[in-house]
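Chemist: One structure, as structure tokens, below. Some questions next.
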Amino acid sequence: MTAPYTAAALEPEATAPLIMALPKGRILKECGRILARAGIEPSPDYIDENTRHMRFPTNHPGLDVIRVRAFDVATFVAFGAAQIGICGSDVLMEFDYPEVYAPLDLGIAKCRIAVAEPAETAGTDDPSRWSRVRVATKYPNIARKYYASQGIHADVVNLSGAMELAPGLGICRLIVDLVDTGSTLRANNLVETAKIADISSRLIVNRTALKTQPEAVGAWIARFRDALTQG
Ligand code: AMP
203 MTAPYTAAAL EPEATAPLIM ALPKGRILKE CGRILARAGI EPSPDYIDEN
253 TRHMRFPTNH PGLDVIRVRA FDVATFVAFG AAQIGICGSD VLMEFDYPEV
303 YAPLDLGIAK CRIAVAEPAE TAGTDDPSRW SRVRVATKYP NIARKYYASQ
353 GIHADVVNLS GAMELAPGLG ICRLIVDLVD TGSTLRANNL VETAKIADIS
403 SRLIVNRTAL KTQPEAVGAW IARFRDALTQ G
């Protein structure tokens with residue numbers, strides 16, 4: 203089957219390079235594999251965690267990558283600072299930017315967003331009888347929406363990390379966070395009591411960029427789609 207893009211579309215002449223926003227941290231390595239399958243080789247310092255650089259050229263003159271916090275990828279793409287990105291579906295759910303289109307599930311960085319609480323309190327009373335609950339999370343919108351759907355008002359304590367400590371230190375009843383193996387919860391004497399959603403990373407694009415540069419942006423979407431079929 204012929205790929206639905208041309209090499210020329212990936213290398214537009216005389217225009218600024220497209221920018222792809224990539225998450226640093228935990229997902230960076232898994233991203234590396236899919237980038238390689240899509241034929242993208244960022245400059246070597248992209249994987250150097252100590253570099254102060256944030257923007258890196260690639261082997262394609264028409265594409266640069268920027269390395270930003272996982273939570274900020276969707277924001278860079280939504281505001282058009284980057285035209286393409288790789289972003290967890292947790293971040294997409296939290297921000298729900300109308301400007302962001304997520305055409306491909308890349309099937310990487312799989313985990314779930316879940317509710318957890320101390321083993322001692324789990325199952326001791328019936329959440330369907332709650333009218334409010336105090337929740338520590340970095341996902342205030344997801345947490346509020348999840349509890350609102352059950353008629354419960356969530357009082358959110360915003361934390362950007364270490365929320366596993368919060369129930370034991372008395373500032374909330376439970377937490378909403380990403381869970382992969384469950385070892386962080388176990389190490390902090392918490393148990394998972396409900397799954398809110400399965401999570402994986404998505405290829406995302408800025409809708410306006412897709413309209414104004416359909417060939418270049420569309421060519422990269424097609425490249426990633428082909429890369430997924432290479433397994
Ligand atoms: P685990 O102990 O394997 O369940 O991992 C839980 C910890 O890793 C929590 O602090 C999560 O916020 C973080 N985490 C798990 N999966 C992911 C992911 N796919 N992306 C980013 N952070 C994650």
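203 is the number of the first residue of the sequence shown in my numbering; add one for each residue after it.
Virtual Cβ for every residue (Gly too), placed ideally from N, Cα, C.
Which residues mark the beginning and the end of the alpha helix (DSSP H) in which T414 is found?
Modeler: Against the sequence shown, residue 414 aligns to sequence position 212. R409 to T414 is the extent of the alpha helix (DSSP H) around T414.
Chemist: Just to confirm, are V378 and E394 a CB contact at a threshold of 8 Å?
Modeler: Translated into positions along the sequence shown, residue 378 becomes position 176. Translated into positions along the sequence shown, residue 394 becomes position 192. No. Outside cutoff.
Chemist: Checking 8 Å against the spacing of the C-beta atoms, do I221 and A272 come in under that value?
Modeler: Translated into the one-based positions of the sequence shown, residue 221 becomes position 19. Translated into the one-based positions of the sequence shown, residue 272 becomes position 70. Contact flag unset, no.
Chemist: Among A411, D428 and R427, which one has its Cα closest to the Cα of G282?
Modeler: By 1-based counting over the sequence shown, the position of residue 282 is 80. Considering only alpha carbons, the answer is A411.
Chemist: Shorter than 7 Å, the distance from the beta carbon of D382 to the closest heavy atom of the ligand AMP, or not?
Modeler: What you label residue 382 is simply residue 180 of the sequence shown in a count that begins at 1. Yes, the Cβ of D382 comes within 7 Å of a heavy atom of the ligand AMP.
Chemist: Residues in the same chain with beta-carbon distance under 6 Å from T277, minus the five sequence neighbours each way, listed in chain order, please.
Modeler: Counted from its first residue, the sequence shown places residue 277 at position 75. Its chain contains no residue whose beta carbon lies nearer than 6 Å to that of T277 once the 5 sequence neighbours on both sides are disregarded.
Chemist: For C289, which residues does DSSP report across the bridge?
Modeler: Counting from 1 along the sequence shown, the entry for residue 289 is found at position 87. Beta-bridge pairing links C289 to R404.
Chemist: In terms of DSSP beta bridges, what is T260 paired with?
Modeler: As a first step, residue 260 must be located in the sequence shown, where it is residue number 58. In DSSP, T260 forms a bridge with P244.
Chemist: Compute the beta-carbon to beta-carbon distance between L367 and E319, rounded to the nearest angstrom, for a pair I have assumed lies under 8 Å.
Modeler: One-based indexing of the sequence shown puts residue 367 at position 165. One-based indexing of the sequence shown puts residue 319 at position 117. Their Cβ separation, rounded to whole angstroms, is 13 Å, which puts L367 and E319 out of contact at 8 Å.
Chemist: Using beta-carbon positions only, say whether K347 and N360 come within less than 8 Å of one another.
Modeler: Start at 1 with the first residue of the sequence shown, and residue 347 comes out as number 145. Start at 1 with the first residue of the sequence shown, and residue 360 comes out as number 158. No.
Chemist: When we look at the beta-carbon of T204 and count the other beta-carbons within 10 Å, is it buried (16 or more) or exposed?
Modeler: Sequence index remark: in the sequence shown, residue 204 carries index 2 (1-based). In this prediction, T204 scores a pLDDT of 43, lower than 50, which makes its location untrustworthy; the coordinate-derived value is nonetheless stated afterwards. So T204 counts as exposed.
Chemist: Going by Cα to Cα distance, which pick from K397, G372 and R314 is closest to A338?
Modeler: Position 136 of the sequence shown, counted from the first residue, corresponds to residue 338. When only C-alpha atoms are compared, the closest one is G372.
Chemist: How many Å lie between K263 and F426 at the Cα?
Modeler: Along the sequence shown, read from residue 1 onward, the residue named residue 263 stands at position 61. Along the sequence shown, read from residue 1 onward, the residue named residue 426 stands at position 224. At residue 263 the sequence reads Pro, which differs from the Lys that was named. Distance between the alpha carbons of P263 and F426: 18 Å.
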